[in-house]
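Residue numbers (the working numbering): 86 to 164.
Virtual Cβ for every residue (Gly too), placed ideally from N, Cα, C.
In what follows, a structure is listed as structure tokens, so that the remarks can point back to it.
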Amino acid sequence: METEKGESKMPRIMRMVFGIIMIIFYLVLGVIILCGMFPQLSGSFEWLRWVGGVVIILYGLWRAYRQFKGIDPDVTTRY
């Protein structure tokens with residue numbers, strides 16, 4: 086599990102797994118909101134449920150794109 090520099094790959098793998106879990110979380114949460122599982126959140130504002138669900142799904146897709154294209158900044162090399 087050591088790289089050429091003597092650093093462990095574990096933080097990178099853990100970030101990747103966490104990123105995938107968060108992608109799944111956002112997509113599922115967006116679908117749940119669109120299905121109306123939380124009617125108390127939108128109340129009489131039905132449009133809020135649709136806008137919120139779509140925005141959360143789009144954010145999940147954006148995270149997926151960044152994760153799989155590899156354009157997420159590497160936080161371990163910043164400091």
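Query: Starting from residue 142, follow the alpha helix (DSSP H) in both directions and report where the run begins and ends.; Result: 131–154
Query: By Cβ distance below 7 Å, which residues in the same chain neighbour residue 107 in space, the five residues on each side in sequence not counted?; Result: 148
Query: Looking at residue 121: is its Cβ nearer than 9 Å to the Cβ of residue 139?; Result: no
Query: Expressed to the nearest angstrom, what Euclidean distance is found between the alpha-carbon atoms of residue 134 and residue 126?; Result: 8 Å
Query: When you compare only the Cα positions, how much space is there between residue 150 and residue 93?; Result: 25 Å
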